[in-house]
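Everything on this sheet refers to the single structure shown next.
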Amino acid sequence: MAKVGGTEINGELAMHFERVCGNKGYSYDAHQANVRFNNSLAGHVVYQANDIIYKGKGKHWNRGHVPLDIMREIGFENCDYVALEEHWEEWPTIFRGWYRPLELHVPCRESVDLLMSACNYRLVKKFDCSATTDDEIKKEVDRCFRDFLKRFSINLLNLPDIRVKCFSSPSRMGDYLEYVGSRLQRKSFESKYVHRNTNPRRKRDRECVWKDDSYREKIKKYLMRHESGYFKFCDSCIGSKDDLLP
């Protein structure tokens, strides 16, 4: 899911542990990608990397932002941890009938806060809090999320080869890194991950949803009914036996 700390999680794990494979970084080349990013002084995840991926795929891509076709070409057979920012169907497409069980970790964030972060990412200057009908609210929600919620589907819960777990993020990102790190092999050479910005600075005090409790509750109820099932899943999973960080 987007806007839940995935870039940071992927980057941190790739810097410190072996066999991490993600669209925001691989263990095998994480150090040099990190050095290039640090030397660029760019700050943002999309920057002039001048690596092979950047030169071949364009400015949106680099070794710290790997396109799916290259990930498929590399393969996932030797990966202990995989991070994908793709449509949910990629998980069963890639891993159905895999040679070992897959445990899918779904990051969960408070629903309205996640929505506002998505609005900020999409440069939506103002969420219209005068939207009251489902159709009006849907229009505002879709402006911000667009295809983000297609990264999850309730159908993932019914796949025989995949066990689905959850954790709170970014609020408990540190705990999650510790949890996963205890299950991965440390690299013989580690270095400090350099943070990449993915959003412009958010101005929470200008977000109208925080000024009306009843309206915010209306938005929450709408999100709980969202067709992706993401918010309903998170609501039932956090605090349950499937919560990785109880």
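In full-length UniProt numbering, the protein residues as written are 1 to 246. Ideal placement from N, C-alpha and C gives every residue a C-beta, glycine not left out.
Per-residue burial, residue i [other beta carbons within 10 Å of its own, 16 or more giving buried]
{"i": "H65", "result": "buried"}
{"i": "N62", "result": "buried"}
{"i": "W88", "result": "buried"}
{"i": "S240", "result": "exposed"}
{"i": "N120", "result": "buried"}
{"i": "E12", "result": "buried"}
{"i": "R201", "result": "exposed"}
{"i": "S214", "result": "exposed"}
Secondary structure of residue i, DSSP reduced to three states
{"i": "residue 263", "result": "Nothing can be reported for residue 263: it is not among the residues displayed for the chain, which extend from 1 to 246."}
{"i": "R196", "result": "coil"}
{"i": "E103", "result": "strand"}
{"i": "N38", "result": "helix"}
{"i": "N62", "result": "strand"}
{"i": "Y16", "result": "For the sequence presented, residue 16 should be read as His rather than Tyr. Helix at H16."}
{"i": "residue 249", "result": "Coverage of the chain is limited to positions 1 through 246, which leaves residue 249 absent and any answer about it impossible."}
{"i": "D69", "result": "helix"}
{"i": "residue 302", "result": "This structure cannot settle anything about residue 302, because the visible part of the chain is limited to 1 through 246."}
{"i": "R206", "result": "helix"}
{"i": "R225", "result": "coil"}
{"i": "D242", "result": "coil"}
{"i": "R109", "result": "coil"}
{"i": "R146", "result": "coil"}
Cutoff 6 Å; reference residue i; Cβ partners in own chain excluding five residues on either side
{"i": "A131", "result": "I137, E140"}
{"i": "H44", "result": "N197"}
Cβ-based neighbour list, residue i, same chain, cut-off 7 Å, excluding 5 preceding and 5 following
{"i": "K57", "result": "P67"}
{"i": "A14", "result": "V20, G22, G25, Y26, S27, A30"}
{"i": "I238", "result": "C108, C166, S168"}
Close Cβ partners of residue i (< 8 Å) along its chain, the five nearest in sequence each way excluded
{"i": "L102", "result": "W91, F95, D161, I162, R163"}
Which residues DSSP lists as bridging residue i, in chain order
{"i": "G22", "result": "G25, A83"}
Short CB-CB distance (under 8 Å) between residue i and chain C
{"i": "A30", "result": "Here there is only one protein chain, and chain C is not present."}
Checklist entry - Is there contact here, the segment 189-196 with the segment 111-127, by at least three beta-carbon pairs under 8 Å? => result no
Checklist entry - Using 8 Å as the Cβ pair cut-off and three pairs as the minimum, do the segment 68-75 and the segment 229-239 touch? => result no
Item to check | Segment contact, 8 Å Cβ cut-off, at least three pairs: the segment 48-56 with the segment 196-208 | outcome: no
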